[in-house]
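What follows is a single structure, written as structure tokens, with notes after it.
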Amino acid sequence: MREAVLSDLVRTRAHRPDAVAEAAAARRRPTSPFGEHGRLMMVAADHPARGALGAGDRPMAMADRADLLDRLALALSRPGVNGVLGTPDVLEDLLLLGALDDKVVVGSMNRGGLAGTAFELDDRFTAYDPASIAAAGFEGGKMLLRIDADDAASVATLESCGRAVSGLAGHRLMAMVEPFLSRRIDGRVRNELTVEAMTRAMTVAAGLGTTSAYTWLKVPIVGDGGEDMARAMAATTLPAVILGGEVATDQEATFATWSKALALPTVQGLVVGRSLLYPPDDDVSGAVDAAVRLL
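Residue numbers for the sequence shown follow this note's numbering, beginning at 12 and rising by one.
The following block contains the structure:
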């Protein structure tokens, strides 16, 4: 990002805070959640709000906000990319930069479970809520649902997610739920990525709220994206998007698993963050374009 652009952005935030709401009101909204390829292709950037700043072998990659915004703007400019997922600070920067016209914008809602903390599984709603997402004119909200059988506090996250699903549906907005069965091992939270675990997590997530009419699932790849993934996805009729996960050294292998998963009838697109924003060769355009071709 050029220094002049960064200075203008900071100056606007400091002297004209109302400019955020003005930019949201002026944003040109998409006519459909789907791109020309008929799928949802979103870039995710809600990791920093949980203190998760690493990407691949770069432990502080996402700590440089100007660099992150450059990468996001570039990814959003590529043909076939029709959406973005982020927390208020990131999305409002993009609004002020004029980068969100015609894009599906999904606000990240519960960022309280900070990475690496004793309370990581306490995924409290600390960012967007349904009312603020509707007021901003965005297309939906995303929530993380991690369930630990040994942690009684998981039920509070379930209840909060249920309320959020209902609230978003009340505004006729997408509720994107990212479910996992999780557990703490040696002080670190691990998500279980077996067929059985993902099946249970998805069926719980699908039943949240007063209606599932606006619910989408955001799910990881199980196995190699083929038979195991098909078995897991057979548990629901809700539309789903595949999350990209960590930066992989073998990007071609990662794309191959995504391609298999995208062939399943319930899978309606990709929501990818670090894998495309910080690819091993640092070619953001090349990584994004390769992902779009899978659709």
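Just so it is clear, CB atoms sit at the ideal spot from N, CA and C, and this is done for glycine as well. All figures in this text were calculated on a predicted structure; none of them were measured in a lab.
Whole-angstrom C-beta distance between residue j and residue i, which should lie under 8 angstroms
i	j	result
Leu184	Ala212	With 8 angstroms as the limit, Leu184 and Ala212 do not qualify as a contact, their Cβ atoms being about 23 angstroms apart.
Leu155	Asn121	6 angstroms
Ala186	Gly152	6 angstroms
Gly181	Pro141	7 angstroms
Val115	Leu179	Val115 to Leu179, Cβ: 14 angstroms. No contact.
Pro44	Glu150	6 angstroms
Met12	Val282	About 24 angstroms; that fails the 8 angstroms criterion.
Gly284	Ala129	Incorrect: roughly 25 angstroms between the Cβ atoms, too far for contact.
Leu219	Val176	5 angstroms
Cβ shell of residue i (< 8 angstroms), same chain only, five flanking positions each side left out
i	result
Leu105	Leu80, Leu83, Ala84, Leu87, Val95, Gly97, Leu111
His58	Leu64, Met73, Gly284, Arg285
Own chain partners of residue i with C-beta closer than 6 angstroms, once the 5 adjacent residues on each side are dropped
i	result
Gly64	Gly is not the amino acid found at residue 64; the sequence shown has Leu there. Met71, Met73, Ala74, listed in sequence order.
Asp235	Thr268
Glu103	Val31
Beta-carbon proximity of residue i to residue j, cut-off 9 angstroms
i	j	result
Thr247	Ala217	yes
Thr265	Gly280	no
Asp134	Gly123	yes
Val252	Lys271	no
Val200	Glu131	yes
Ala100	Ala36	Per the sequence presented here, residue 100 reads as Asp, with Ala not at that position. Contact flag unset, no.
Ala164	Thr210	no
Val188	Thr226	yes
Asp161	Val206	no
Arg38	Gly148	yes
Contacts around residue i, its chain only, beta-carbon distance under 7 angstroms, and the 5 residues preceding and following it disregarded
i	result
Thr23	Ala30, Leu107
Tyr289	Ala66, Gly67, Arg69, Ala72, Val258
Val299	Ala86, Arg89, Val92, Leu287
Ser296	Leu85, Arg89
Leu305	Phe266, Trp269, Ser270, Leu273
Gly46	Met52, Gly91, Asn93
Ala241	Leu275
Environment of residue i [buried if 16+ CB atoms lie within 10 Å]
i	result
Asp292	exposed
Leu263	As written in the sequence, residue 263 is Glu, which differs from the Leu given in the question. Answer is exposed; the Cβ neighbour count stays below 16.
Ile144	buried
Ser18	exposed
His26	exposed
Thr221	exposed
Pro28	exposed
Thr260	exposed
Thr168	buried
Pro276	exposed
Arg157	buried
Val166	exposed
Ile196	exposed
Gly49	exposed
Thr33	A small fix is needed here, since residue 33 is Glu in this sequence, not Thr. By the 10 Å Cβ count, Glu33 comes out exposed.
Gly118	buried
Val303	buried
Val233	buried
Ala208	buried
C-beta neighbour in chain D for residue i, strict 9 angstroms
i	result
Gly256	Absent from the structure is chain D; it holds one protein chain and no more.
heavy atom of the ligand MN below 8 angstroms from residue i C-beta
i	result
Ser119	Questions concerning the ligand MN fall outside what the structure shown contains, since it holds no ligand whatsoever.
Self-check item: Segments assigned alpha helix (DSSP H), at least 4 residues, entirely inside the region 121-189
Solution: Considered as a whole, the region 121-189 harbours 141-147, 165-181 as its complete alpha helix (DSSP H) runs of no fewer than 4 residues, in chain order.
Quiz item: Which residue spans inside the region 191-227 form an unbroken beta strand (DSSP E) run of at least 3?
Solution: The region 191-227 contains these whole beta strand (DSSP E) runs: 199-202.
Exercise. Please specify which runs of the beta strand (DSSP E), each continuous and at least 3 residues long, are wholly inside the region 58-101, giving them in chain order.
Key: List check, beta strand (DSSP E) in window: 94-97.
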